[in-house]
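Chains as they are written, first to last, in the numbering used here: chain A, 15 to 347; chain B, 15 to 347. We treat Cβ as the ideally placed atom computed from N, Cα and C, and that holds for glycine. Note sheet for the following structure.
Rendered as structure tokens:
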């Protein structure tokens, strides 16, 4: 534990397997070929979008376990959360698995949050094998946070497109190619952004704070990393992040990639400021980043997932939008 | 780590301080004199019930820290969650504290979930001091889950009354009188209960499963404990718990106490089947149980908080109600 609360892991909690599940639009994007499972049907065979999201978490979890030839009973703890009220994507999706269940809420920061917790369980001997999983679904998120889908509302230029996708990662105490080297859990930040159609602006201060704390704690600079991924800041949030970090003389431009700008072709796919959702950074991590890490193309990266902690109730009560960003440092041997 | 995933803690993560905050009705109940802070005004000086709930988490956290003469910056990580959509009681309530923030969702099991996670962080060296906090508010919960308060709907005999309250616990790596000896994170259970006005019935299977797993793992029996507390099963759920455990020849009747039946005088205060809410087990733990443990009146207890993982959306889609129960074994030196 360092001054700014970065947690250094000595035991190298390692990535054993992982899986990604996405929808049709994500398959059509620049990373389309990388995802394990894609579905043309937004309902994934279910009769509601919420149940479709449950189904995605099931498929992602099962697929990740199958890749490692593991059963549910081999897993000591599953860490899961999503954007839906009361996180029903996770609790309903995983209710038949009989795995010890740690439900989390970090909005779109969930993939980093669940991985950070799982790594600490393994580091401390509280688990030998874990699953971290999250999801989001365009249709369930839009109708919960914004407008009924049938309304066909006009989207603002700063709006981001919620990814229909899920990602699951199995961590193990046994050595593997890729592992988690350290974790920085972010603090809630709120610089007063009130526009629920500009999540990037609301989340940038949290990302800046967490990245700055991590770099200070580890006495490293952006150049020490092959890449610095943020979750879903999009165009607006990424530029704000650069501005905020520049105040502390930190320049991440050359190393920075935002999952929200990777998964879609922003212009061709008409997603305005980029992508968002728990499933955005989760599917990019499990579809793309971890593969590059295992292949040795990346040796040392930062994965900083960002979450806007608003609810429709808080918006209607005139509240600003607090955010949080959690960071994990992944390395490959 | 045992066969059924109970986590044994060797380092005795210890209870340094704690605080409880409740509303008027809770103060009038049998435990009224034990709570640190009570407020006659259901709004706690704020202009909405949701903001009142944020305020309760702030007060509970601050009070617990003040008792231990600690500042926010002394805390390595805060674990928090609540019942509100997107857990805004926690994220908004704690947004000015600058503490690394792990948001969780476990419905009314949250107090045990946050304590279990915090204990594991301390055990593994990921933190030296932590805060675990949760809350619920009758008015914010009723209008979110059931009906507008103004509607004045008739309550069913199986309904439970959501506690207006919050509890915060500071854990430390330094030895103290009371400590956490082991943790069992529960799996999600769903035996098909659909009645959202009968939370006790929905949660009893999760409590039975977690308690049975803990007793099996530790090779102990109910008689080895001074008391076995459940979170908020109420009258209906407690009786179901006895029935379910009897099938496995486990009889907890003599040792069992339910926080949902302790905080109110069920008949006089007209709360039908008892109390519920994250704040129920949290305020009873921090207002009553931990004091008895520190005083040596209890030496060895189980605290099993239970959560019903439904959402209004899942109910409207005809879904059943999955539940989860997390258990911590608390001892005093």
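For residue 129 of chain B, tell me which candidate among B/328, B/319, B/330 and B/346 has the shortest Cα-Cα distance.
The residue with the shortest Cα to Cα distance from residue 129 of chain B is B/319.
Does the CB of residue 219 of chain B have a neighbour CB from chain A at under 9 angstroms?
By this cut-off, residue 219 of chain B is not an interface position.
Hey, does residue 198 of chain A have any beta-carbon neighbour from chain B nearer than 9 angstroms?
Yes, residue 198 of chain A lies at the interface with chain B (some Cβ there is under 9 angstroms from its Cβ).
DSSP-derived helix/strand/coil call for residue 238 of chain B:
In this structure, residue 238 of chain B counts as helix in the three-state DSSP scheme.
Three-state secondary structure (DSSP) of residue 18 of chain A
If DSSP states are grouped into helix, strand and coil, residue 18 of chain A belongs with coil.
Does the distance from the CB of residue 193 of chain A to the CB of residue 344 of chain A come in under 9 angstroms?
Against a cut-off of 9 angstroms, the Cβ pair of residue 344 of chain A and residue 193 of chain A comes out as a contact.
Segments assigned beta strand (DSSP E), at least 3 residues, entirely inside the region 158-200 of chain A:
179-186 and 192-198, all fully within the region 158-200 of chain A.
Does the region 164-182 of chain B come close enough to the region 30-39 of chain B to have 3 or more Cβ pairs within less than 8 angstroms?
These segments touch.
Reference residue 123 of chain B; option with closest CA among B/330, B/213 and B/191
Residue B/213 is the option with its Cα nearest to residue 123 of chain B.
Range of the contiguous alpha helix (DSSP H) that encloses residue 304 of chain A:
Secondary structure note for residue 304 of chain A: its alpha helix (DSSP H) is the uninterrupted segment 304-308.
Contacts that residue 137 of chain B makes with chain A (C-beta to C-beta distance below 9 angstroms)
Against chain A, the beta carbon of residue 137 of chain B has neighbours under 9 angstroms at 138, 139 and 140, listed in chain order.
What residues in the region 53-66 of chain A have a beta carbon less than 9 angstroms from any beta carbon of chain B?
Here the close residues are 61, 62, 64 and 65.
Please list, in chain order, all residues of the same chain as residue 230 of chain A whose beta carbon is under 8 angstroms from its beta carbon, the five residues on each side excluded.
Once the five neighbours on either side are set aside, the close Cβ partners of residue 230 of chain A are 17 and 18.
By Cβ distance, which residues of its chain are closer than 8 angstroms to residue 206 of chain B, with the 5 residues on each side in sequence left out?
Excluding sequence neighbours, residue 206 of chain B sits near 334.
Against residue 113 of chain B, what residues of chain A qualify as contacts under a CB-to-CB distance less than 8 angstroms, listed in chain order?
By Cβ distance, chain A contributes 201.
Mind checking if residue 336 of chain A is an interface residue toward chain B, Cβ cutoff 9 angstroms exclusive?
So, interface residue.
Return the CA-CA distance between residue 150 of chain A and residue 191 of chain B, expressed in angstroms with no decimal places.
C-alpha separation (whole angstroms): 44 angstroms.
CA-CA distance, residue 372 of chain A and residue 341 of chain A?
Here chain A has residues from 15 to 347 only, and residue 372 of chain A is not among them.
Quick check on residue 121 of chain A - is its C-beta less than 9 angstroms from some C-beta in chain B?
Interface residue, yes.
Expected contact under 8 angstroms - CB spacing of residue 233 of chain B and residue 186 of chain B to nearest Å:
29 angstroms between Cβ atoms; not a contact.
To be precise: take each residue of the region 316-337 of chain B, compare its Cβ to all Cβ atoms of chain A, and keep it if any distance is under 8 angstroms. Which residues remain?
Those residues of the region 316-337 of chain B that come within reach of chain A (Cβ to Cβ, closer than 8 angstroms) are 323, 324, 325, 326, 327, 328, 331, 333 and 336.
Collapsed DSSP secondary structure at residue 382 of chain A in the structure displayed
The first residue shown for chain A is 15 and the last is 347, placing residue 382 of chain A beyond what the model contains.
Determine, using beta carbons only, whether residue 106 of chain A comes closer than 9 angstroms to chain B.
Closer than 9 angstroms: yes.
If the cut is a Cβ gap below 9 angstroms, which residues of chain B does residue 116 of chain A touch?
Chain B residues near residue 116 of chain A: 118, 120, 127, 130, 131, 199 and 340.
Reduced DSSP secondary structure (H/G/I, E/B, other) of residue 126 of chain B
DSSP, read as helix, strand or coil, puts residue 126 of chain B in helix.
By the DSSP assignment, the alpha helix (DSSP H) with residue 103 of chain B in it spans what residues?
Element bounds for residue 103 of chain B: 102-107.
Reference residue 73 of chain B, options B/110, B/217 and B/88, closest by Cα
Considering only alpha carbons, the answer is B/110.
Partners in chain A for residue 95 of chain B, counting only beta-carbon separations shorter than 9 angstroms:
Here the neighbours are 117, 118 and 119.
Opposite residue 340 of chain A in the DSSP bridges: which residues?
Bridge partners of residue 340 of chain A: A/319.
List the DSSP bridge partners of residue 271 of chain B.
In DSSP, residue 271 of chain B forms a bridge with B/243.
Contacts that residue 109 of chain A makes with chain B (C-beta to C-beta distance below 7 angstroms)
Per Cβ cutoff of 7 angstroms: 202, 204 and 336.
Report the partner residues of residue 8 of chain A according to the DSSP bridge assignment.
In this structure chain A extends from 15 to 347, so residue 8 of chain A is not present and cannot be described.
If you draw a straight line from the alpha carbon of residue 307 of chain B to that of residue 322 of chain B, how long is it in whole angstroms?
Each residue's Cα considered, the two are about 28 angstroms apart.
What are the residues in the region 139-169 of chain A lying within 8 angstroms of chain B by C-beta distance?
Residues 139, 140, 141, 142 and 158.
Does any CB atom of chain B fall closer than 9 angstroms to the CB of residue 79 of chain A?
Closer than 9 angstroms: no.
Enclosing beta strand (DSSP E) for residue 150 of chain A [first to last residue]
First-last of the beta strand (DSSP E) with residue 150 of chain A: 143-150.
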